[in-house]
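2 protein chains.
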Amino acid sequence: MPPSPLTTSSPPLKVADRVASGPSSEVRQIFQTALKRTGIISFANGSPYLGELPFHQLADDAHRIVTEFGSTALQYGASNGIPELRRHIVDLMAIEGVAADPEQVIVTAGSQQALGFAAHATINPGDVVFAESPSYAGAMAVFAAYEAEIVHVPGDRDGLIPAEFECLVRVAWAAGKLPRMLYTVPNFQNPGGMNLSAERRILLGRICQEQGLLLFEDNPYGLLGFDGATMRAIQPDAPDITFYFGSFSKMFAPGLRLGWLLAPEALHQPLTDIAQTAALNPSVFNQLLLTAYLDGPSWRDTLARYRGLYRAKLEALVGALTEHMPAGTTWDLPAGGFYLWVTVPQGIDTHELVHEAIERGVAYVPGTAIYTNGAGRSELRLSFCLPSVEEIRDGAAILGRLFSEALA
Amino acid sequence: MPPSPLTTSSPPLKVADRVASGPSSEVRQIFQTALKRTGIISFANGSPYLGELPFHQLADDAHRIVTEFGSTALQYGASNGIPELRRHIVDLMAIEGVAADPEQVIVTAGSQQALGFAAHATINPGDVVFAESPSYAGAMAVFAAYEAEIVHVPGDRDGLIPAEFECLVRVAWAAGKLPRMLYTVPNFQNPGGMNLSAERRILLGRICQEQGLLLFEDNPYGLLGFDGATMRAIQPDAPDITFYFGSFSKMFAPGLRLGWLLAPEALHQPLTDIAQTAALNPSVFNQLLLTAYLDGPSWRDTLARYRGLYRAKLEALVGALTEHMPAGTTWDLPAGGFYLWVTVPQGIDTHELVHEAIERGVAYVPGTAIYTNGAGRSELRLSFCLPSVEEIRDGAAILGRLFSEALA
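So, in structure tokens, the structure goes:
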């Protein structure tokens, strides 16, 4: 008698191993609860504020694209994306010192999808993936879905510490494990907000090369420094081992679902094949709309306005937290990006309190939803880009009262 | 000395196993060659003809969506899609007897992506996947990417033969393998064009249940029967084991990249989690645009016009093939869908001749690109929906001359 596919435990569906314990399930619950309730102030979702976008221009572009190029825009397209958009992407990466040919770029339906493609190509079950401590929950979920073992590397204000990383790699080799890859968000990191220093970028690339690791450089926030300054990417100094991931979701809009991947040259064709097999191609219509936006003169000004706006929102958040949070609450001020990573005094359990916070009308991401090892009960991530300054002030006051009560 | 991640063969990157031998690489090459050459008549790509779409209405819809709902349309959204579109999907599936709640539907960026999500959840390396003979190359590539062993089941005019399937499942169990799933395209199958009979649908569902297999029911063409008739899906008679896949790429337009997945209820939440991890969410903008199209009164009429148009194109193709192809060339006439599956006389090698065909201005898919075992040198797939009637006649004449010369 053969086993029923949905009830037997031997041999199991992969789903049992690969989904249940994903670190993002808690985040997902919080997001969904927050989304379903009207009037909630959400510091949880890493969503950009879209109010500065030139909607009328975008609407006209969309109209024109469907009218003039409908038969192309609404048809299948190339797996790696349209050439016009790939050229813009090359120009964007050049700002950070990445020299690429448009033929090397693979456009994807968001950089999250690109992470999945690269993970599918490179991670065998049991491989060790190193990441900042804490790191982006959505990427950790991808690596968990491919059954990687995730090791968090200690860091400080300048990002993860190369000597600690090298030590942990050696420990993994010595334990008979396979250290496969370092995952890092070098700019305005999610959720920690820190920037990886220039020296450490070079050093980490070198360690990966010496130790036989790949390097995943995930860079959704690089152009969102408040002062407009950018740093040199890791990729130029370690091109043979680096997968560079870019996104239009934070600097433009997530609704088109467009990001990209620059793979090591030796893996470009296999990755294109994986993209083809997994998704056929990203939406041509959306690519044309994004290309029209990047062709126009306004996107740099719009981005500059966002930088100023996000800085003002962070200042409002920090001001309100200073006023309302219990003594002993700390954070490191980020120089850009979307997130403030806050540590609260002992006695406050951010994991336990998130539900009460939502009851009172404020959502955040507790540290436990970001670490993969149960840590994080004294930490929380606050996303400051989407809510208005007024909502930020109100939300911080509500959180301050809640945490003060919990401490009392 | 640790190994270099890109050169060592032990332990290898997954990419080495999972991409190189995918059956779609040959198709991909043909498509790309065909796409790059102007003026080529392509019977290769499974692309719909878009010329009947109401582009002005779609352009107006796109303009209105960005203007009125830009902050929603261009933002992140729910992993399983917007409720309005999920309600339309439920109505579409009801035409084929599927009774689902909109909450059970997962909208994806194309049904190809949905196939990947379901494969990720269910296939362990070495699991046996059964499929029609021949079957859709893109799905075979997905299953190969998850290291399934693919077994093709013999079929006839009424689709795959249940007794043969049951026998092959028993053989697999007896050999100590794990028969995991039956993949079928029951309506106007790709590439064979046949319809699975009503009796066989019920029987195959029952065999899968008895033998402990899942069933993947892939249905991009169900509404594209030339006479507008539809058949009852398999899902209603085997809901606990069936993944139902739907697509808007053939009945509307591929450029929005929208399809869907209806999973067995017990696996709905894990599949939603997989979708979230792999892609976050499908484009809200595209979902709103599709919803506006389905809200309107015209899509049924448009679809009816396509049915007539595609029937006329198939008639033109068959007429021209009858006139030009060597004696002994055979095919079964499909009652809908996109494909004519042609068998040519011994002495003609469709695999060898495809390059010369492209040289002469015509692309097709040789059978070898569809089978996973090297078979198919006497077969080819001709897609008749995209080229014009005139191109179809010209293309068939060129192919007829080429094959006749090869035979001589």
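First to last, the protein sequences are chains A and B. Residues in the first sequence are numbered from 418 upward in steps of one, following our numbering. Residues in the second sequence are numbered from 418 upward in steps of one, following our numbering. We put the beta carbon where it would ideally sit given N, CA and C, even for glycine.
**Study point:** Cα-Cα separation between residue 826 (chain B) and residue 634 (chain B), rounded to whole angstroms
**Key:** Nothing about residue 826 (chain B) can be read from this structure; chain B reaches only from 418 to 825.
Exercise for review: Would you mind telling me which residues of chain A sit closer than 8 Å to residue 522 (chain B), beta carbon to beta carbon, in chain order?
Suggested key: Correct list: empty, because the minimum Cβ distance to chain A is about 16 Å.
**Study point:** Limits of the alpha helix (DSSP H) - the one that residue 682 (chain B) falls within
**Key:** Where residue 682 (chain B) is concerned, there is no enclosing alpha helix (DSSP H), given that its DSSP letter is neither H nor E.
Review point. Rounded to the nearest angstrom, how far is the Cβ of residue 702 (chain A) from that of residue 484 (chain B), given a contact under 8 Å?
Key: Not quite, the Cβ-Cβ distance comes to about 17 Å (not below 8 Å), so this is no contact.
Review point. Using DSSP with H/G/I as helix, E/B as strand and the rest coil, what is residue 634 (chain B)?
Key: strand
**Study point:** 4 or more residues per run - each alpha helix (DSSP H) lying fully within the region 669 to 747 of chain B
**Key:** 685 to 696, 701 to 712 and 716 to 741
Practice item. Alpha carbon to alpha carbon, how far is residue 536 (chain B) from residue 676 (chain B)? Give it in angstroms, no decimals. Key: 16 Å
Practice item. Mind checking who residue 789 (chain B) pairs with in its DSSP beta bridge? Key: The partner list for residue 789 (chain B) (beta bridge, DSSP) is empty, contrary to what the question assumes.
**Study point:** Inter-residue Cα distance where the pair is residue 682 (chain A) and residue 733 (chain A)
**Key:** 44 Å
**Study point:** Alpha-carbon spacing of residue 640 (chain B) relative to residue 742 (chain A), whole angstroms
**Key:** 59 Å
Point to revise | Distance between residue 660 (chain A) and residue 594 (chain A) (C-alpha atoms, nearest Å) | key: 22 Å
Practice item. For the beta strand (DSSP E) containing residue 762 (chain A), list its first residue and its last residue. Key: Looking at the DSSP string, residue 762 (chain A) is not in any beta strand (DSSP E), and its letter there is neither H nor E.
**Study point:** residue 685 (chain B): contacting residues in chain A (beta-carbon distance under 8 Å)
**Key:** In chain order: nothing, as chain A lies at least about 11 Å away.
Practice item. Out of A:567, A:621 and A:610, point me to the one whose CA is closest to residue 580 (chain A)'s CA. Key: A:621
**Study point:** Exposed unless 16 or more other CB atoms sit within 10 angstroms - verdict on residue 610 (chain B)
**Key:** buried
Exercise for review: Quick one: grab the DSSP three-state call for residue 646 (chain B).
Suggested key: coil
Practice item. For residue 492 (chain B), decide whether its Cβ has a neighbour in chain A, counting only Cβ atoms nearer than 8 Å. Key: yes
Exercise for review: Check whether the Cβ atoms of residue 759 (chain A) and residue 797 (chain A) sit closer than 8 Å, and answer yes or no.
Suggested key: yes
Review point. According to DSSP, which residues form a beta bridge with residue 525 (chain B)?
Key: B:676
Practice item. Go ahead and pull the three-state DSSP assignment for residue 659 (chain B). Key: strand
Point to revise | residue 729 (chain A): contacting residues in chain B (beta-carbon distance under 9 Å) | key: The contacting residues do not exist; residue 729 (chain A) stays about 19 Å from chain B at best.
Review point. Looking at the C-beta of residue 484 (chain A), does it have a partner C-beta in chain B at a distance below 8 Å?
Key: yes
Review point. Name the residues in the region 700 to 724 of chain B whose C-beta lies less than 8 Å from a C-beta of chain A; which are they?
Key: 700, 701, 702 and 703
Check your understanding: Quick one: Cα of residue 592 (chain B) to Cα of residue 599 (chain B), how far?
Key -> 18 Å
Check your understanding: Apart from the five residues just before and just after residue 816 (chain A), which ones in its own chain have a Cβ nearer than 6 Å to its Cβ?
Key -> 779
Exercise for review: Using a Cβ-Cβ cut-off of less than 7 Å, list which residues of the region 659 to 678 of chain B approach chain C; keep chain order.
Suggested key: Here chain C cannot be found, since the structure's protein chains are A and B.
Review point. CB-CB under 8 Å to residue 630 (chain A), same chain, minus the five flanking residues each way: which ones, in chain order?
Key: 547, 586, 596, 597, 598, 599, 624 and 658
**Study point:** Spatial distance of residue 498 (chain A) from residue 705 (chain A) (CA atoms)
**Key:** 10 Å
Review point. Using the C-alpha atoms, what's the distance from residue 763 (chain A) back to residue 914 (chain A)?
Key: Here chain A comprises residues numbered 418 to 825, so residue 914 (chain A) is not present and cannot be evaluated.
Point to revise | Extent of the continuous alpha helix (DSSP H) to which residue 596 (chain A) belongs | key: It is not in any alpha helix (DSSP H) - residue 596 (chain A) instead sits in the beta strand (DSSP E) that spans 596 to 601.
Review point. Using a beta-carbon distance below 8 Å, is residue 462 (chain A) in contact with chain B?
Key: yes
Review point. Helix, strand or coil for residue 574 (chain B) per DSSP?
Key: coil
Check your understanding: What number of angstroms, rounded off, separates the C-alpha of residue 649 (chain B) from the C-alpha of residue 494 (chain A)?
Key -> 32 Å
Check your understanding: By DSSP, does residue 519 (chain B) sit in helix, in strand, or in coil?
Key -> helix
Review point. Would a check of beta-carbon distances place residue 569 (chain B) closer than 8 Å to chain A?
Key: no
Practice item. State yes or no: is the C-beta of residue 697 (chain B) within less than 8 Å of the C-beta of residue 665 (chain B)? Key: no
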